[in-house]
Structure formats: C-alpha cells, structure tokens
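Step one of this worksheet: look at the structure below.
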Amino acid sequence: MEELRSTQVLDREIEEQTEEKIKAIIESAKENAQSLRDGLDLRIQKAVDEACKKFEEDSLTYEKKLEALVDLEEERLYIQYIHNSVIESFNKFFSGLSEEKIFEILGNHFKSMKSFFTSNKVSVMTVNLEGSKVKKYLEGEGFIVDSCESMNVKLLENQLPDFMHNKGFFVESKECKIKANVTLDEILSELLKANSYELSCALFGQEVIK
Numbered sequence: 011m012e013e014l015r016s017t018q019v020l021d022r023e024i025e026e027q028t029e030e031k032i033k034a035i036i037e038s039a040k041e042n043a044q045s046l047r048d049g050l051d052l053r054i055q056k057a058v059d060e061a062c063k064k065f066e067e068d069s070l071t072y073e074k075k076l077e078a079l080v081d082l083e084e085e086r087l088y089i090q091y092i093h094n095s096v097i098e099s100f101n102k103f104f105s106g107l108s109e110e111k112i113f114e115i116l117g118n119h120f121k122s123m124k125s126f127f128t129s130n131k132v133s134v135m136t137v138n139l140e141g142s143k144v145k146k147y148l149e150g151e152g153f154i155v156d157s158c159e160s161m162n163v164k165l166l167e168n169q170l171p172d173f174m175h176n177k178g179f180f181v182e183s184k185e186c187k188i189k190a191n192v193t194l195d196e197i198l199s200e201l202l203k204a205n206s207y208e209l210s211c212a213l214f215g216q217e218v219i220k
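If you're matching positions, the sequence shown starts at 11 in this note's numbering and goes up one per residue.
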C-alpha cells in the first residue's frame with residue numbers, strides 16, 4: 011500500500027514537471043513569436059519610410075526637370091518670336107524695294123566672292139530675276155556667261171522659308187569648281203547668324219532683349 015502511494019506521488023511530480031516544461035516552452039515560443047513580429051514590423055516600417063523618402067526625392071527631381079523643360083520651352087518660343095519678327099521686317103522692307111536696289115545688294119555680296127573665281131567662264135541659274143539682266147550684270151563684272159537658266163524655285167531649299175521675296179542667282183565655274191550663292195536668302199541668313207542680337211535690339215530695344 012505504501013509502495014502504491016509512493017508511485018502516485020512520483021507520477022504527480024512527473025506530471026507537474028512536464029506541465030511546467032510545456033508552459034515554459036509555450037511562453038518561450040510566444041516571446042520568440044512576438045520578437046519576430048516586432049522585428050518584422052520594424053522592417054516593414056523601415057521599408058515604408060524608405061519608399062516614402064524615395065518617392066519624395068523622385069517627386070522633387072521630377073518637379074525640377076519639369077521646371078527646366080518649361081523654362082526651355084518658354085525660351086524656345088521667345089527666340090522663335092524674335093526670329094519671326096525679324097523675318098517679317100525683312101518681308102516688309104524688300105516688298106517695296108526696287109530691282110535696281112536689289113541688284114546693288116546682290117552685287118555687294120558677290121564682290122566678296124569674285125576673287126575665288128580664277129576663270130571668268132561661268133554658268134548661271136537665276137532665282138526670280140530676268141536672266142538677261144543677270145547676264146548683263148555679270149558681263150559688266152568681267153565674266154563670260156556660257157549659259158543662263160531660270161531655276162525652279164520649288165526645288166530651292168531656302169534657309170529662311172518664311173522670307174517671301176527671295177531673289178538672286180547662282181554662279182558656277184566648272185573649271186575652278188566653285189559655286190556662289192548670290193541670293194537674298196543667303197545674304198539675310200548670314201546677316202542673322204552674325205548680327206541676330208543687333209537686329210533684335212533694333213526691333214524691340216535693348217532693354218527687352220536679355
């Protein structure tokens with residue numbers, strides 16, 4: 011009988027110890043799970059914070075790029091407006107200009123090229139001018155005109171397509187392999203390249219042109 015009670019006591023002790031170990035394991039598992047959740051929450055929050063920061067940085071970069079694009083577009087439109095205004099002034103000026111004055115302008119331009127022609131035999135293509143008048147002018151400059159034809163203006167690639175009063179001629183020497191562009195389009199294009207600021211100031215005033 012005594013032996014039976016001892017066995018029962020031992021069994022209860024074993025059960026109690028087992029329950030305590032199980033409780034300890036459960037508590038430890040809970041603590042580990044909470045630690046994992048806390049760590050995961052921190053990582054998620056960090057990822058969210060980094061994503062928000064990156065979004066803000068990208069937004070600022072985009073805004074700066076957008077502002078730069080807007081500034082460039084405004085500058086492009088401003089320059090285009092100035093250019094169109096200058097061309098419009100050219101159109102008004104040359105619309106009422108006599109042919110004699112146009113030949114004077116063309117002649118002054120051609121004189122800077124004459125020295126390149128080592129041969130006086132040339133062929134000519136005219137642009138919106140009478141061939142006989144161009145031939146007479148060149149012969150007066152000491153050239154022998156082998157041929158003189160009217161150029162198809164539709165095939166002419168103007169540098170200033172909005173300039174409506176292009177006139178002049180092309181002089182070519184096959185012997186010295188040179189071709190001179192003596193047109194108002196060429197003259198005004200060079201003038202714009204060299205003196206665009208001065209022309210703009212003359213039209214709008216220096217205080218407007220920055």
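In this text, a Cβ means the ideal position worked out from N, Cα and C, and glycines have one as well. These numbers come from a predicted model, not from an experiment.
Every alpha helix (DSSP H) of 4 residues or more that sits fully in the stretch 127–157 is shown, in chain order, as 141–150. Within a 10 Å sphere around the beta-carbon of A190 sit 16 or more other beta-carbons, which makes this residue buried. Under the 8 Å Cβ criterion, the stretch 120–137 counts as touching the stretch 147–160, having at least three qualifying pairs.
Under the three-state reduction of DSSP output, S199 falls in the helix class.
DSSP places K189 inside the beta strand (DSSP E), whose first and last residues are I188 to T193.
The beta carbons of I97 and F173 sit about 6 Å from each other, so the pair counts as a contact at 8 Å. G117 and N94 have their alpha carbons spaced roughly 27 Å apart. Non-local beta-carbon contacts of N176 in its own chain, meaning distances under 8 Å to residues more than five positions away in sequence, involve V137, N138, V163, L166, N168, L170, T193, L194 and D195 in chain order. Contact check for C158 against G178 fails: the beta carbons are separated by 7 Å or more. For S160, same chain residues with a beta-carbon under 7 Å away, outside a window of 5 residues either side, are T136 and G141 in chain order. Non-local beta-carbon contacts of V144 in its own chain, meaning distances under 7 Å to residues more than five positions away in sequence, involve V134, T136, C158 and F179 in chain order.
The three-state secondary structure of F173, taken from DSSP, is coil.
Per DSSP, E182 is one residue of the beta strand (DSSP E) stretching across G178 to S183. Under the three-state reduction of DSSP, E98 is assigned to helix. Straight-line measurement puts the Cα of L202 at about 21 Å from the Cα of E84. For N118, the enclosing alpha helix (DSSP H) covers residues E109 to K121. H119 is positioned such that its CB atom lies no closer than 7 Å to that of I188.
Contact between Y147 and F113 holds: CB atoms are separated by about 6 Å, below the 8 Å threshold.
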